[in-house]
Structures are given as C-alpha cells and as structure tokens.
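Those letters in the sequence shown? Residues 180 to 545, per my numbering, in order.
All remarks here apply to the structure that follows.
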Amino acid sequence: MTATKTARDPARIKPKNRAVPGQSALLLQHILFTLPRVQKLLAAWRNEAERCPDPVLRQMALASLEKKAFHCQGGAVFAIAARGHEKAVLRIIVAYQTLCDYLDNLCDRAGSTDGEAFRHLHNSLLTALTPGSACEDYYLFYPHKQDGGYINKLVAECQTQIETLSNYRRVQERLWELANWYIELQVRKHLHPEIREEQLIGWAKELCSRYPGVRWQEIAAAAGSTLALFALLGLAGREELDDAVIQRTWQAYFPWICGLHILLDYFIDREEDRQGGDLNFTVYYRDEAEMLERLKFFVRQAHDSAASMPDPAFHTTVVEGLLGLYLSDAKIAAQCYQHLADSLLKCSGQRAVTTYRICRMVRKVL
C-alpha cells in the first residue's frame, strides 16, 4: 500500500474552527436510529453467549458484551455511510467487533500466553472477511474449547451479510491487510511479559518505516483499531465507488484516525492496565506532557485528514465522536485526568465539546 504523507510538525499546526454542515443531523441519526438497532443486535448475541457450555468461555463472551459494548456503538456509525446497505453493514460491524472483543478477552483474561493459540483463534477474523471460506477449530491450541458454536455464528453472520455488498471485492484486499495487522498486534501484545515487548517493538518498527513522523507505539495502536476496516466496509455497500475514495479513506484512517482511536482507548485504561499487568502504549511516552502533546498531534492530523475527505461532515463527526466517547468515560475522573481531557477537547474545537456533553448524557441511558 502507498504510505501516507509525512506528518507535519505539531508545533506548527494551529487549531481551526472545524464545524461542518450536517454534523448535527448525523449525530441525531446515530443516537435515535442506529444505537437502538445496535442494542437489539447485542441482545441477540448475548443470548448466544449464554449458551456457551464452557463456563470460562461463557464468562469471557458475556464480559466482552457487557464491558465493551461501546465499541459496537461507536463503530456502528459507519453503517450510515453505506447508502442503501445500512442494515447489512451494521450487522457486520456488530458481529465483527463482538468477535474482536471476545478474542481480546480470551487472550487477556483466561490465563494463557500461548502465541500459537492466539493466532489460531484470530484466524476467525480472516474467515469472517472471506465469504465461502469454511470455519476451522479455532480453539485447537486453547485450553478451553466448547463455545456452543459462538465464534462460528459470528463468522457466519459476517460472511452472509458481506455477500450482499455491491463493491466488497474492491476493498477486500485492504480489509485483509488491516485484519492481518490487527492479528499480528494481538498475538504479540498478549505474549508472556518477558518476550512481548521485544516482539511487538520489532514488528511495529518495521511497519512504522512506512509512516514517517509516527512512533512505533502509535503505529501499533493504529493497527489495533477496527475503524479503517469499518470505513471501507461502509464504502463497499455503495452502488458506485471511486478508487480514489478508497485510497483517500485508507490514508485518512491509517494511521491518523485509527491511531487517535486506540491511543484514547489506552489513555483511559492506563490505571486499569497497570493494575492488571497489561501492556499500555501510552506509558512509552517520556512523561504526561509528552503524552498530551502526541495525543494533540493525532487530534490535529485526524481532523486534517477528515477535512480532506469527499464527505468531511461524516468523518469530522467520527473524529469528534471518538473524543466525546472516550473522554466522557468514568475512568477519566477516576484517574484525575479531567484537565487532560479538557485540553484535548479544546484542541479539537467547540464541536467536540458539544459532542462530549452529548456522550455524557447518552451514557446515562445506555
């Protein structure tokens, strides 16, 4: 793939008034129509998770649906961009993200550090993106195995809905590349603590060489995001699709919008990861000041990328939605990070502050 342009010096980028017509309507549509559909789909997957015979797998599946539902709620915005195939894209996003979150729990919380087991589990993501491909025994090297067909059902849902997308073949190669990067990240970062850092840094630095101005932990963070994949899936649902739009979407989301996404995720999880002994990319910054500087840098780059897209209102809403979603999390106050959150919102602009306030209200009812 073509590498993105070199990042600009963050000290030379000044905040802009980024209000774009149509953003309020997008937010309203997402909150009033898309989120209720997501809740229904998640409820259906919760019923499936409860049928897992193995108590550990059942617990991991239910925990991912309970604690990580906001991943599906946020990612679902890309269904709006599908223009006629919204329902199919929404079903793919919810199933694929639910599978990602379940696999993450299996690697994080079930006491295993077996890289071969992790890779075999994550092969399900590639199967999900390949209609007609048969499922395999994804638990072959994992200590727990009886999930009642939970993974296979998630995979089948993705495959079935993908078959309905007009231009899926146009984006499939890029989706595979994104999925493979995600898998490489997941396998390495869940290895035993004595070897995971070396393996992760070596892989990330190799990928990082294609993106000047981006640090290894930032490219690794970007690889852990599903947003570029969902953005391309949204395009695949359109009847007419220009190759230039696919390329511009790729360059906007990877690494900028994807990087911002996961850096914010790690930012709010710093204390939780410290207590759990989990790897967190934000601890590789020199100090809190440098972390804030780099997060602001990604905010600005993400905004500049969104503004250059054919549909700037939609992609700007995604950027501001990320800030609103993550910075309204209760973990911000619990870690005394409100001053950092306020600084990031100010960097983004008044629309982000408004979105943040809306997210705080929505959290109270979901």
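Ideal placement from N, C-alpha and C gives every residue a C-beta, glycine not left out.
In the DSSP assignment, S484 falls within the alpha helix (DSSP H) that extends over 467-486. In the DSSP assignment, I374 falls within the unbroken alpha helix (DSSP H) covering 372-387. Between the beta-carbon of T343 and that of H250 there is about 23 Å, and that puts the pair past the 8 Å contact cut. Taking C-beta separations shorter than 7 Å and ignoring five residues to either side along the sequence, the partners of A228 in its chain run R237, A240, L241, L244, Y329, following chain order.
In the structure shown, the three-state DSSP call for P491 is helix. The three-state reading of DSSP puts F320 in coil, since its state is none of H, G, I, E or B. By the criterion of at least three beta-carbon pairs nearer than 8 Å, the segment 419-426 is not in contact with the segment 475-486. For D521, the uninterrupted alpha helix (DSSP H) run begins and ends at 517-527, by DSSP.
The beta carbon of P232 lies closer than 7 Å to those of Q325, G327 in the same chain, with the five residues before and after it left out. Straight-line measurement puts the Cα of N346 at about 44 Å from the Cα of E467.
Per DSSP, reduced to three states, the secondary structure at T292 is coil, with no helix or strand assignment. Looking from the CA of Y464, the closest CA among L474, D457, G456, T533 belongs to L474.
If you check the CB distance, Y432 and G403 do not come in under 8 Å.
Rounded to whole angstroms, the separation of the alpha carbons of L205 and R349 is 26 Å. As the crow flies, the alpha-carbon of I271 is around 17 Å from that of C314. Annotation for E315: no alpha helix (DSSP H) segment contains it, and DSSP assigns it neither H nor E.
Assigned with DSSP and collapsed to three states, P232 falls in coil, not helix or strand. Taking 8 Å as the upper bound for CB-CB distance, I425 and L412 are not in contact here, some 12 Å apart.
In the structure shown, Y361 adopts helical secondary structure according to DSSP, grouped into three states. Straight across, the Cα-Cα distance linking Y281 with L333 is about 10 Å.
S345 sits in coil when the DSSP states are folded into three classes, being neither helix nor strand.
With respect to the 8 Å criterion, A307 and Q340 are not classified as neighbours on the basis of their beta carbons. Across the structure, Q454 and V273 are spaced so that their CA atoms are roughly 29 Å apart. Exposure of A513 is indicated by the presence of fewer than 16 other C-beta atoms within 10 angstroms of its C-beta.
Between L442 and F477, the CB-CB gap stays under 8 Å.
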